[in-house]
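Inspection log for the structure reproduced underneath, given as structure tokens.
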Amino acid sequence: MKVNLIFSRAASLKAVIFLMGAGGMIGQLLLIRVLLIVFLGNELTIALIIASWLLLEAAGAYLGGKITALTQKTAALFPGLMTCYSIILPLTVLLARGLGRGLFGLLPGETFSLINILVTTILTVGPASLLHGMQFPLASEFIAADQIKFPVSRVYLLEITGTVLGGLFFTFFLIPRFTALEISLALIIAHLLPISYFFYFHYAALPRKAMMISYLVLALLLTAGFPLLTDSLQRLTCSWFWPTGEVVEYHNSPYGNISVLEREGEYTINYDGSPLLSLPVPDIARLQDYAYLAGAAHPKPEDVLVIGGGLDGLLNYLLDHPLENLVYAELDPDLVEIATRYTPPEISDKFDDPRLEIKARDGRLYLSQTQENFDLLILGEMDIDTLQANRFFTREFFELASNKLTEEGKLIFTAPGSPTYLGGEIADLNSSLYQTAADVFPDVMMIPGENNIFIAGNDIELPDAAIAATRLEERDLLGGMFTTSYLEYRFDSRKISDFTEILRERETNINRDFRPATFFHGLRYWGRAFAPEARGFFRGVLNLPIAVYLILAALLLFFFRQIFYISPAATANRLTYAIVGSGITAMSFDLLTLFAFQALYGYIYQLNGLFIVAFMGGMFLGGRFSLKTLEKEKKNIYSHFLKLEAAIIILLPLFGGLVYFLRSVMGFFWADNLSLILLSILALFAGGAVGAQFPLAVNIFNSLKSTSNKKSSTGQSAGRFYAADLLGGWLGGLTVGLLLFPLLGLTVTLLILMAIKLSSLILLYFSPGL
Amino acid sequence: MKRRSFFKLCAAALAGAGITKLIEPYFPAWMRQTSAENHKLQHEARYYNKLDDNRVECELCFKNCVISEGKRGFCRNRENKDGTLYSVVYGRPSTVNVDPIEKEPMHHFYPDTQILCIGTAGCNFRCKFCHNWHLSQQSLEELDRYQNLEPEKAVREAKTRGIPSISFTYNEPTTFYEYMYDVAEIAQQEDLNVIFHTNGALKEEPLRDLLQHIDAVTLDLKAFTDDFYQELSQAHLEPVLDSIKIIREEGAWLELVNLVLPDYNDDPTEIQEMCRWIKDEVGEDTPLHFSRFFPSYQLTELSPTPVSTLEKAHEIARQEGLKYVSIGNVPGHLKNSTFCPECENEVIVRHHFSVQSINLTEGRCQNCQTEIAGVWHES
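Chains as they are written, first to last, in the numbering used here: chain A, 1 to 770; chain B, 1001 to 1379.
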């Protein structure tokens, strides 16, 4: 019996379907990591990659469904598609790294524009996701052929299981240990073995032998050549990507990718592909300027906290001031280790200064838990166009900082700037920061520069050139670059006052944890440099004559009327719309949990994977529960579906309430673990409600087909709903992650999601024939 | 579809659109419908030819844009309206600042003084490494911020603030030629120094005309290959070299800047050829600044220039006979200062933009009395 469980036709099919889920998730996460480095990405690029994957996977699922209706040769197609998918992954990695220069003619060091990003994403992610999407309906058809009940739902459950475990395996085991090429090549071997096992039970004798032997030989060859192949390909692709230096270190930490480039005995440390540190000679003009002006902001700084971005020399220059304690919070311990290794002794010796204490943890969490108060709280330079960084520039963070500052304490941070000009996107970005800080601190000033420096404090005295000169002189730091005329130039009162007026007058939103206005402006600023054409497009769209809006509105209404009222398949369409809505909600829920948790506890960024697992686990349990329900009862299926719609609507405000509650207890003992547990439980329930809908929807759809005497394959109905689910995910990823949440905030986003689900509930409740 | 349903549909669409219009004022500023700003074009451009079909051919820089009716040139600043070419940015600087002259960089002309810097939108190059891209790579409308400052007012501003020099900088002054020319002419009458920082792409006639009112020029010699100019700047080397020769001929003080980008223009042979050319064509007294690159604009993935590359370039330039070579963007580097070519004494001790001491007397090295090329003032 035991043998049958493992060596049986059914077990072999289950194994490959499980692999389909695991391989899909690993492939998706892998390509996100690879493309993120290639694009120097932010959340915008992550959303674009995921969205492209989901959209093309949906297209694949639809296509797969059509294929099952046309041909019965799924026995050949299904394993063939899986094999192709696994082989295409390493090719995709190569393509992603080579396409920039090969196709677009980008120069070494040149950043991808938005158009380049879109085309590269489609070309790289496209084939893999299309091939993966096609597998689902084919697998369903396979199970149906074995006369197993509820084939689509069973495939759905098995695939989710694979997805959850694949995601966990990738995040916690694969990525900290192996390169993208190693993982993708190992994935081919991981596909070849179960597929050859699948051949044993599903193919006739002659092709079976030939196929099994060829697959096993290929797996053997790949295993034998694995070290040589991965090493040479890694070197080759690194030389494509970084032709201006030799890659002497390449390391994946749990938080990002760290690479070290050597050129003429000097090193550049890249983080996620972007130059972060230059050694042994850093960007002195920027760093010393920042450290000295920050130090001069306080009459006698003793206790100082620096959050992130300190390893490039900022700490060294701060230690020039007569401080007593300098605490440095750096999220990624691997970065500290690697940076120390490549820092020359004359700089790294300062890391041994007894006044310096390096804490390998998230700065915001450290600040919320420490009992210390600081004279200066300095934020290192951060990429402001990411949500991960945005959490250090919100009103909530500024409030926390304000409470941890001493009486004359100052919060100091930088933002992209220009010493000459303040207008357009850069003005919006800086205004958003200024107004947010001014909402918390009585005094805020900005010193314009290549990076604008913000100084915010609770007392009256902000530095000017004379004050700064006196303070630096007292500390024996006046001299070198810091002459009185240099300080007069930096504290040019006329320029500061002109720029401040712009910052005050500009119409902008306060940046909040759950309404990240600055993140949105950061994306716009990024777009100004890398997608100038997009600005024209949006302006063009907004300037369209009203007649065009009228026509579009009329067309939309007409379209809805056609598909939900006039069409013979109106009820089926309403059902599909409900699944699209659930897809939107599921993706939004994932993203919002991720954003919320990141805003609160960015330090366990890695553990965000747990929410996704909880959510997917919930989907599995929900799906399984529905399957059991379907096996037991034939009636009331539709009423169950409606209840689930209502449950999703109720869970959304619950989520909002929980997030706000968790923020209010942040900083209390065990609050981080409590957040993790409560949000995971909620994710489990939300996933359960969404996951339970899928089998029910397929069943209701099939019953509709049987009443209408229309025949279609199992694969077709699988394709329809799988595609609908993914399409919803795509819409949710693009609109919620990039537009609704940053622009309108958490509460309004949740209300919109509730409205979507409420509309599908109403449409279904009043559906004729159900 | 029944007629009644169609009318209902249209009514609903109308209502929807009407509501959108009603609530539009409450949209954030960036979403609101903005009518394209209609800047009054008052100032006719110089150096252009009228062609048929109301087209014009701009003769200001080497690009020679042929501009159709209603369109603008490559620089985004010169617009053809009814067959007449106008300067869009005349009297509309987007930035007016006071900087130390060392920031240009300009080391041998009135050191340790201030300059009133004027810049507008636009540029006739498309450098992927531009560190002033916020200004240079946008049009006036895109910048959404400028001030109205007539030439007389600009000069008065410098006089009132006691600033000895006006500098046209930040973006390429060629693109606001007429404004620069008029300010320079008045400034000269008012005994102010006039400087411009250029990419050197003006054509001969406008350049010679302008130089009658210019005292000093900082010119970016970005590289010494046409490939570099084409690939990274959408420009050419030859016009730049011509400009350098013309500036020298006309007698304005000239300093050259070479921003060294790893792998692009740091080849020792190329640097050697460039230095040899400078010495042969414009003289060994021409100061040359090798500047360190840091990731900027569209070249954000390129590593900063190794300091050793700059030091090698400095060594090559000195070996080729150039007398005044410095290294920029590396504060604290010894070669940031100016040295006497004879006795190697530090005649101007400089730390980034800050001048520590000037060891010159009437333009001569205080140590060996060698005359140091430049335009000096009583400190």
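Glycine residues also receive a C-beta, built at the ideal position from the N, C-alpha and C atoms.
Range covered by the alpha helix (DSSP H) that runs through residue i
i, result
"lysine 14 of chain A", "9-39"
"glutamine 495 of chain A", "Before going on, a small fix: residue 495 of chain A reads as lysine here, not glutamine. From DSSP, the alpha helix (DSSP H) with lysine 495 of chain A extends over 493-505."
"threonine 1160 of chain B", "1151-1160"
"glutamine 716 of chain A", "714-731"
"leucine 287 of chain A", "284-295"
"glycine 133 of chain A", "114-145"
"asparagine 1258 of chain B", "Where asparagine 1258 of chain B is concerned, there is no enclosing alpha helix (DSSP H), although the beta strand (DSSP E) it sits in stretches over 1253-1260."
"glutamine 1230 of chain B", "1226-1233"
"tyrosine 565 of chain A", "No alpha helix (DSSP H) holds tyrosine 565 of chain A; DSSP gives it neither H nor E."
"valine 1282 of chain B", "1268-1282"
Burial state of residue i, where buried means 16 or more other Cβ atoms lie within 10 Å
i, result
"glycine 1162 of chain B", "exposed"
"methionine 1106 of chain B", "buried"
"tryptophan 670 of chain A", "exposed"
"valine 217 of chain A", "exposed"
"proline 1173 of chain B", "buried"
"threonine 340 of chain A", "exposed"
"leucine 644 of chain A", "buried"
"glutamine 1033 of chain B", "Caution is warranted here: a pLDDT of 39 is assigned to glutamine 1033 of chain B, below 50, making its placement in the model unreliable, and no coordinate value can be reported."
"leucine 220 of chain A", "exposed"
"tyrosine 765 of chain A", "exposed"
"threonine 1269 of chain B", "exposed"
"isoleucine 1372 of chain B", "buried"
"tyrosine 317 of chain A", "buried"
"aspartate 283 of chain A", "buried"
"lysine 1323 of chain B", "buried"
"arginine 624 of chain A", "buried"
First through last residue of the beta strand (DSSP E) which encompasses residue i
i, result
"threonine 406 of chain A", "405-416"
"methionine 445 of chain A", "443-447"
"proline 1100 of chain B", "1095-1100"
"arginine 1292 of chain B", "1288-1292"
"aspartate 590 of chain A", "Run containing aspartate 590 of chain A: none in the beta strand (DSSP E); it sits in the alpha helix (DSSP H), 570-601."
"glutamate 246 of chain A", "246-252"
"valine 1325 of chain B", "1325-1328"
Among the options, nearest to residue i - alpha-carbon criterion
i, options, result
"histidine 1043 of chain B", "B:Asp1266, B:Asp1182, B:Leu1210 and B:Leu1261", "B:Asp1182"
"isoleucine 426 of chain A", "A:Ile455, A:Lys410 and A:Ile384", "A:Ile384"
"glycine 1459 of chain B", "B:Trp1253, B:His1197 and B:Arg1078", "Because chain B spans 1001 through 1379 in this model, residue 1459 of chain B falls outside it and cannot be assessed."
"aspartate 672 of chain A", "A:Ala186, A:Val748 and A:Leu365", "A:Leu365"
"phenylalanine 136 of chain A", "A:Phe18, A:Ala180, A:Ala47 and A:His640", "A:Phe18"
"leucine 89 of chain A", "A:Asp332, A:Ala686, A:Glu182 and A:Ser368", "A:Glu182"
"aspartate 1263 of chain B", "B:Thr1160, B:Ile1067, B:Gly1283 and B:Glu1301", "B:Glu1301"
"leucine 165 of chain A", "A:Ala22, A:Asp303, A:Leu610 and A:Ala570", "A:Ala22"
"alanine 139 of chain A", "A:Ile756, A:Gly719, A:Leu750 and A:Gly728", "A:Gly719"
"lysine 635 of chain A", "A:Ala692, A:Phe625, A:Val613 and A:Ile700", "A:Ile700"
"asparagine 509 of chain A", "A:Val260, A:Gly417, A:Gly457 and A:Leu429", "A:Leu429"
"leucine 40 of chain A", "A:Ala47, A:Ser274 and A:Ser431", "A:Ser274"
Residue i beta carbon near the ligand ADP (any heavy atom closer than 6 Å)
i, result
"threonine 749 of chain A", "Ligands displayed in this structure: none; no statement on the ligand ADP is therefore possible."
Fill in: Members of the region 268-285 of chain A near chain B, C-beta cut-off 7 Å
The residues in question are Thr268, Gly273, Ser274, Pro275, Ser278, Val281, Asp283, Ile284 and Ala285.
Fill in: Contacting positions in the region 344-363 of chain A - beta carbon closer than 8 Å to chain B
Result list empty, no residue passes.
Worksheet item: Which residues, in chain order, does the region 1257-1281 of chain B contribute to contact with chain A at a C-beta distance below 7 Å?
Response: Residues passing the 7 Å Cβ filter: Pro1262 and Asp1263.
Worksheet entry | Residues in the region 246-266 of chain A having any Cβ partner in chain C nearer than 8 Å | As a matter of chain content, chain C is missing from the structure shown, whose protein chains are A and B.
Fill in: Selection of the region 1091-1107 of chain B by Cβ proximity to chain A, strictly under 8 Å
For the region 1091-1107 of chain B, which is checked against every Cβ of chain A, the residues closer than 8 Å are Ser1094, Thr1095, Asn1097, Val1098, Asp1099 and Pro1100.
Fill in: Residues of the region 96-124 of chain A with Cβ closer than 7 Å to any Cβ of chain B, in chain order
Along the region 96-124 of chain A, the positions whose C-beta sits under 7 Å from a C-beta of chain B are Leu107, Pro108, Gly109, Glu110 and Thr111, read in chain order.
Practice prompt. Below 8 Å between beta carbons is the criterion; list the residues of the region 396-425 of chain A that meet it against any residue of chain B, in chain order.
Written response: Flagged, chain order: Ser418, Pro419, Thr420, Tyr421, Leu422, Gly423 and Gly424.
Worksheet item: In chain order, what residues of the region 226-244 of chain A put their CB closer than 9 Å to some CB of chain B?
Response: Legend: CB atoms of the region 226-244 of chain A lying less than 9 Å from CB atoms of chain B belong to residues Phe241, Trp242, Pro243 and Thr244.
Discussion item. Please identify, using Cβ separations under 7 Å, the residues of the region 1337-1351 of chain B that lie next to chain A, in order along the chain.
Written reply: Correct list: His1351.
Worksheet item: When Cβ atoms are compared, which residues of the region 1221-1239 of chain B fall closer than 8 Å to chain A?
Response: For the region 1221-1239 of chain B, which is checked against every Cβ of chain A, the residues closer than 8 Å are Glu1231 and Leu1232.
Worksheet item: If contact means a Cβ-Cβ distance below 8 Å, which residues of the region 30-55 of chain A contact chain B?
Response: The region 30-55 of chain A vs chain B, Cβ under 8 Å: Leu40.
Worksheet item: What are the residues of the region 1293-1308 of chain B that lie near chain A, defined by any Cβ-Cβ distance shorter than 7 Å?
Response: Those residues of the region 1293-1308 of chain B that come within reach of chain A (Cβ to Cβ, closer than 7 Å) are Phe1294, Pro1295, Tyr1297, Gln1298, Leu1299, Thr1300, Glu1301, Leu1302, Ser1303, Pro1304, Pro1306, Val1307 and Ser1308.
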